[in-house]
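Engineer: Pasting a structure here, questions to come.
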Amino acid sequence: MSILEDINANSCNYWLLLTIFFMISYVTQFYFRYFTRESPLPGPIPIPIFSNILQMRSDPAIYANKMQKKYGDMWEIYMGSERHVYLGRVDLIEKMMSSSSKTNFFQKGSKNEGLVELGL
């Protein structure tokens, strides 16, 4: 019986150490990618796995207003592993949606039916 108990105890320790190793590796990789990303914008630092979802808490509109006051008219947050850029002024949105090649924005969205209906 003693040998089986030792094997079970060693197996649990092995899996615990393996889990801790992968968690530390994931967190290290997450923050390395975050701090070396292209075109960084101001915004709250995300928490691994949860990103900025826990910071939002209740109403997204109230959260967006707080972030605009704190970080300015253009900021970013992470939802899961996706980066979301928020624009706080209409002229920034118009610049981003324009088809001009002179804009400073890295990536442009394509026009869609909803924006055409709204006249944007």
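The opening residue of the sequence shown carries number 1 in the UniProt record's numbering; numbering runs sequentially from there.
Glycine included, each C-beta is placed from N, C-alpha and C at the ideal position.
1) Using 8 Å for Cβ pairs, my map puts Ser51 next to Met79. What's the rounded Cβ distance?
2) Pull up the CB-CB distance for Tyr63 and Gly43, whole angstroms please, since I reckon it's below 8 Å.
3) Since Glu76 is in the beta strand (DSSP E), which residue starts that stretch and which ends it?
4) Which term fits Pro40, buried or exposed, when burial requires 16 or more other beta carbons within 10 angstroms of its beta carbon?
5) Just how far apart, CA to CA, sit Lys69 and Leu17?
6) Tyr14 to Ile49, Cα distance in whole Å?
7) Quick one: residues in its chain with C-beta nearer than 6 Å to the C-beta of Ile77, no 5 flanking neighbours on either side, listed in chain order?
8) Among Ser81, Gln55, Met67 and Leu87, which one has its Cα closest to the Cα of Val27?
9) Beta carbon of Tyr86, beta carbon of Met67: below 8 Å?
10) Pick helix, strand or coil for Arg37, following the three-state DSSP scheme.
11) Mind checking which residues open and close the alpha helix (DSSP H) that includes Gly49?
12) Using the beta-carbon count (16 or more within 10 Å), is Pro60 buried or exposed?
Structural biologist: Looking at the atomic coordinates:
1) As a working note, residue 51 is residue 51 in the sequence shown. As a working note, residue 79 is residue 79 in the sequence shown. Going by Cβ atoms, the distance from Ser51 to Met79 rounds to 6 Å, so yes, they are a contact pair.
2) Sequence index remark: in the sequence shown, residue 63 carries index 63 (1-based). Sequence index remark: in the sequence shown, residue 43 carries index 43 (1-based). Between Gly43 and Tyr63 the Cβ distance is about 12 Å, and since that is not below 8 Å, they are no contact.
3) In the sequence shown, counting from the first residue as 1, residue 76 sits at position 76. Glu76 -> beta strand (DSSP E) spans Met74 to Met79.
4) What you label residue 40 is simply residue 40 of the sequence shown in a count that begins at 1. Pro40 comes out exposed.
5) For the purposes of this step, residue 69 is identified with residue 69 of the sequence shown, where counting begins at 1. For the purposes of this step, residue 17 is identified with residue 17 of the sequence shown, where counting begins at 1. Their Cα atoms are separated by approximately 43 Å.
6) Counted from its first residue, the sequence shown places residue 14 at position 14. Counted from its first residue, the sequence shown places residue 49 at position 49. The alpha-carbon atoms of Tyr14 and Ile49 are separated by roughly 24 Å.
7) Here residue 77 corresponds to residue number 77 of the sequence shown, with the count starting at 1. So the list reads Gly43, Asn52 and His84, once near-sequence residues are dropped.
8) As a working mapping, residue 27 is identified with position 27 in the sequence shown. Selected option, being the one with the closest Cα: Ser81.
9) Taking the first residue of the sequence shown as position 1, residue 86 is located at position 86. Taking the first residue of the sequence shown as position 1, residue 67 is located at position 67. Yes, Cβ-Cβ distance for Tyr86 and Met67 is below 8 Å.
10) Numbered from its first residue, the sequence shown carries residue 37 at position 37. Here Arg37 sits in coil by DSSP.
11) Locating residue 49 in the sequence shown gives position 49, where the first residue counts as 1. Residue identity check: residue 49 is Ile in the sequence provided, not Gly. Neither: Ile49 is in no alpha helix (DSSP H) and is coded neither H nor E.
12) Residue numbering aside, residue 60 sits at position 60 when the sequence shown is read from its first letter. With fewer than 16 other Cβ atoms within 10 Å, it is exposed.
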